[in-house]
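Here's the structure we're looking at; comments come further down.
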Amino acid sequence: MNRFVAGLLFLLSLWSLAVESRYVKEDVLKLPSEASKFFHGGADDTDGDSVGTRWAVLIAGSNGYWNYRHQSDVCHAYQLLKKGGLKDENIIVFMYDDIAYNEENPRPGVIINSPNGSDLYEGVPKDYTGEDVTVGNFFAVILGNKTALTGGSGKVVNSGPNDHIFVYYTDHGGPGVLGMPTSPYLYATDLIDVLKQKHASGSYKSLVFYLEACESGSIFEGLLPEGLNIYATTAANAEESSWGTYCPGEYPSPPPEYETCLGDLYSVAWMEDSDVHNLRTETLRQQYELVKKRTSNENSGYGSHVMQYGDIAQNKENLFVYMGTNPANDNYTFVDDNYLRPPSKAVNQRDADLIHFWDKFRKAPEGSKRKIEAQKQFVEAMSHRMHIDHSIKLIGKLLFGIEKGSVVLETIRPAGQPLVDDWNCLKTLVRTFETHCGSLSQYGMKHMRSIANMCNAGIQKEQMAEASAQACTSIPIGPWSSLHKGFSA
Numbered sequence: 030m031n032r033f034v035a036g037l038l039f040l041l042s043l044w045s046l047a048v049e050s051r052y053v054k055e056d057v058l059k060l061p062s063e064a065s066k067f068f069h070g071g072a073d074d075t076d077g078d079s080v081g082t083r084w085a086v087l088i089a090g091s092n093g094y095w096n097y098r099h100q101s102d103v104c105h106a107y108q109l110l111k112k113g114g115l116k117d118e119n120i121i122v123f124m125y126d127d128i129a130y131n132e133e134n135p136r137p138g139v140i141i142n143s144p145n146g147s148d149l150y151e152g153v154p155k156d157y158t159g160e161d162v163t164v165g166n167f168f169a170v171i172l173g174n175k176t177a178l179t180g181g182s183g184k185v186v187n188s189g190p191n192d193h194i195f196v197y198y199t200d201h202g203g204p205g206v207l208g209m210p211t212s213p214y215l216y217a218t219d220l221i222d223v224l225k226q227k228h229a230s231g232s233y234k235s236l237v238f239y240l241e242a243c244e245s246g247s248i249f250e251g252l253l254p255e256g257l258n259i260y261a262t263t264a265a266n267a268e269e270s271s272w273g274t275y276c277p278g279e280y281p282s283p284p285p286e287y288e289t290c291l292g293d294l295y296s297v298a299w300m301e302d303s304d305v306h307n308l309r310t311e312t313l314r315q316q317y318e319l320v321k322k323r324t325s326n327e328n329s330g331y332g333s334h335v336m337q338y339g340d341i342a343q344n345k346e347n348l349f350v351y352m353g354t355n356p357a358n359d360n361y362t363f364v365d366d367n368y369l370r371p372p373s374k375a376v377n378q379r380d381a382d383l384i385h386f387w388d389k390f391r392k393a394p395e396g397s398k399r400k401i402e403a404q405k406q407f408v409e410a411m412s413h414r415m416h417i418d419h420s421i422k423l424i425g426k427l428l429f430g431i432e433k434g435s436v437v438l439e440t441i442r443p444a445g446q447p448l449v450d451d452w453n454c455l456k457t458l459v460r461t462f463e464t465h466c467g468s469l470s471q472y473g474m475k476h477m478r479s480i481a482n483m484c485n486a487g488i489q490k491e492q493m494a495e496a497s498a499q500a501c502t503s504i505p506i507g508p509w510s511s512l513h514k515g516f517s518a
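With positions in the sequence shown counted from 1, the corresponding number in our numbering is that position plus 29.
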């Protein structure tokens, strides 16, 4: 009996040691990176990696050397995210890719985003370039729908329910619309529908959308609901232009051999902030406040009002969740008063092309082919602007009368309301106008509110067709009015 008890006690002691060693193995002997799991009871939220993958979609929606800044912005964003630890397989880049080796580029193969900046082009993935930069491909990438792609690398956001997505879009825009280097343009209602589809699929935990464009607030104003786990900020409100920066004639100016703006004010603001801070310690809200202050340019008349939409409470999260962080910045904790000073001047996004043509003309030798070409480009751009402005104004008078026309076209809806009630009407009237008057192009997007107001006033396609035919007896000859790439809608 005693021998049996002794044996039983021996077995119990062995079992006790086994249990103790198991607890030591599982709960105490941890590597430094695992320590927080022990002290916080499981999930490690300090590095953001255990809760899913970071994804990023970067898109420059323009082409042409005068739009240098948009592709420059995207290249900068890629390098920032790459240094933050995101993998190429999780960063999807859209850009026309006609800037780096453009004959106008004074440094072939190099793209910079600031006057003293280093090359940002090297290493950037060429996922969707040229004619593959389309609305359809952009939407397919966000939704993770490979079967809907036409061309490109085939990379999509193949995200799961614990993943975080960052979308950055930089381009020209107008009320309710974003430009593309191909047709059609991107309309707000279609983007919101895609974001709702993405949310319904349960394939992300949270999404952040940074948007650089004129009237960019109109893309989300009255359209982006709460509850989608989406936080968006825009370079401008629904009624104003956004601004280019580091432009010829500004201080600081680009190197003298550059005849174009190097960046956009809102974009440069968020990226130059992210470049120098430990993003583990800076929240989305802190960056929003800093960017808002810099982009307003101290209300000098050379700036815009940065806005935020969607699930605003999400801005309490650290930027690290979406962008990672550069280990070199570990000691650079964000504080409210260490923001970068705004430039003394900026250029309206819609005038950046004129700045390029004029600076090119001014610097070219007298009588040279380059000077003649620059003069031709400037005159064509100005002629197109006058044609579009005059045509829209005349159509307004034909539809609503001489006195009431301008009042209707210039009406701005109260904050919180979308641009238009019937988006299909807006697209129909845009196509009808372009059929008779030529392409709106990047400049003409400014008149989207006027066309939306026609819809809100009950104007039908037949009425628009009749008025457009009277206002435009022919489509002007020139690259800006050409419909060779198709309609904007």
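Think of the CB as a built atom: it goes at the ideal place given N, C-alpha and C, for glycine as much as any other residue.
Since we're looking at a predicted model, the values are computed, not measured.
Report task. For Ala403, I'd like the list of residues in its chain whose CB is within less than 7 Å of its CB, leaving aside the five on either flank, ordered along the chain. Result -> Residue numbering aside, residue 403 sits at position 374 when the sequence shown is read from its first letter. Only Phe386, Lys389, Phe390, Ala393 meet the Cβ criterion.
Query raised in the report: Nearest to Leu110 by alpha carbon, out of Glu244, Phe123, Val86, Ser91?
Result: By 1-based counting over the sequence shown, the position of residue 110 is 81. Comparing Cα-Cα distances from Leu110 to each of Glu244, Phe123, Val86, Ser91, the minimum goes to Val86.
Query - Bridge partner(s) assigned by DSSP for Ser282 - result: In the sequence shown, counting from the first residue as 1, residue 282 sits at position 253. DSSP output for Ser282 lists no bridge partner at all.
**Report entry** Alpha carbon of Pro135 to alpha carbon of Thr274, nearest angstrom
**Finding:** Here residue 135 corresponds to residue number 106 of the sequence shown, with the count starting at 1. Here residue 274 corresponds to residue number 245 of the sequence shown, with the count starting at 1. Roughly 19 Å between the two C-alpha positions.
**Report entry** Distance CB(Ser479)-CB(Leu512) smaller than 8 Å
**Finding:** Residue 479 sits at position 450 when you count from the first residue of the sequence shown. Residue 512 sits at position 483 when you count from the first residue of the sequence shown. Result no, Cβ atoms of Ser479 and Leu512 do not sit closer than 8 Å.
Query raised in the report: Can you give the Cα-Cα distance for Gln492 and Cys104, rounded to whole angstroms?
Result: By 1-based counting over the sequence shown, the position of residue 492 is 463. By 1-based counting over the sequence shown, the position of residue 104 is 75. Distance between Gln492 and Cys104, taken at the CA atoms: about 45 Å.
Query raised in the report: Do the CB positions of Ser143 and Leu291 come within less than 8 Å of each other?
Result: Translated into positions along the sequence shown, residue 143 becomes position 114. Translated into positions along the sequence shown, residue 291 becomes position 262. Going by C-beta atoms, Ser143 is nearer than 8 Å to Leu291.
Query raised in the report: What does a CB cutoff of less than 8 Å around Lys321 pick up in its chain, not counting 5 residues either side in sequence?
Result: By 1-based counting over the sequence shown, the position of residue 321 is 292. Taken in chain order, the residues that qualify are His334, Val335.
Query raised in the report: With 16 other CB atoms within 10 Å as the buried threshold, where does Lys227 fall?
Result: For the purposes of this step, residue 227 is identified with residue 198 of the sequence shown, where counting begins at 1. The residue in question, Lys227, is buried, as its Cβ has 16 or more Cβ neighbours within 10 Å.
Query raised in the report: Taking Cβ to Cβ, would you say Asp192 is nearer than 8 Å to Ser91?
Result: Against the sequence shown, residue 192 aligns to sequence position 163. Against the sequence shown, residue 91 aligns to sequence position 62. Not a contact, by the Cβ cut-off of 8 Å.
Query raised in the report: Helix or strand or just coil, what does DSSP make of Ile194?
Result: Mapped onto the sequence shown, residue 194 falls at position 165. The three-state reading of DSSP puts Ile194 in strand, counting E and B together.
Query raised in the report: alpha helix (DSSP H) containing Thr211: first to last residue?
Result: As a position in the sequence shown, residue 211 is number 182, starting the count at 1. Note, Thr211: premise wrong, no alpha helix (DSSP H); not H, not E.
Query raised in the report: Can you name the start and end residues of the beta strand (DSSP E) that Arg83 belongs to?
Result: Here residue 83 refers to the residue found at position 54 of the sequence shown. Residues 83-89.
Query raised in the report: Taking the alpha-carbon positions, what's the Tyr214 to Thr163 distance?
Result: The residue you call residue 214 lines up with position 185 of the sequence shown. The residue you call residue 163 lines up with position 134 of the sequence shown. Answer to the nearest angstrom: the Cα atoms are 8 Å apart.
**Report entry** Where the beta strand (DSSP E) through Tyr338 begins and ends
**Finding:** Start at 1 with the first residue of the sequence shown, and residue 338 comes out as number 309. 336-339 is the span of the beta strand (DSSP E), which, as asked, contains Tyr338.
Requested in this report: Starting from the Cα of Ser470, find the closest Cα among Met124, Lys374, Asp418 and give me that residue.
Outcome: Along the sequence shown, one-based indexing puts residue 470 at 441. Ser470 has its Cα closest to that of Asp418, out of Met124, Lys374, Asp418.
Report task. Identify, in the order they occur along the chain, each residue of the same chain with its Cβ nearer than 7 Å to the Cβ of Met477, setting aside the five sequence neighbours on each side. Result -> Counting from one through the sequence shown, the residue named residue 477 turns up at place 448. Taken in chain order, the residues that qualify are Gly203, Pro204, Gly205, Val206.
Query raised in the report: For the putative contact between Pro210 and Tyr125, defined by C-beta atoms under 8 Å, what is the C-beta separation to the nearest angstrom?
Result: The residue you call residue 210 lines up with position 181 of the sequence shown. The residue you call residue 125 lines up with position 96 of the sequence shown. 5 Å between Cβ atoms; contact.
Query raised in the report: Beta carbon of Leu340, beta carbon of Leu257: below 8 Å?
Result: For this step, residue 340 is matched to residue 311 along the sequence shown. For this step, residue 257 is matched to residue 228 along the sequence shown. In the sequence as presented, Leu is not what sits at residue 340; that position holds Asp. Taking 8 Å as the Cβ cut-off, Asp340 and Leu257 qualify as a contacting pair.
Query raised in the report: Between the region 442-451 and the region 496-505, are three or more C-beta pairs nearer than 8 Å?
Result: no
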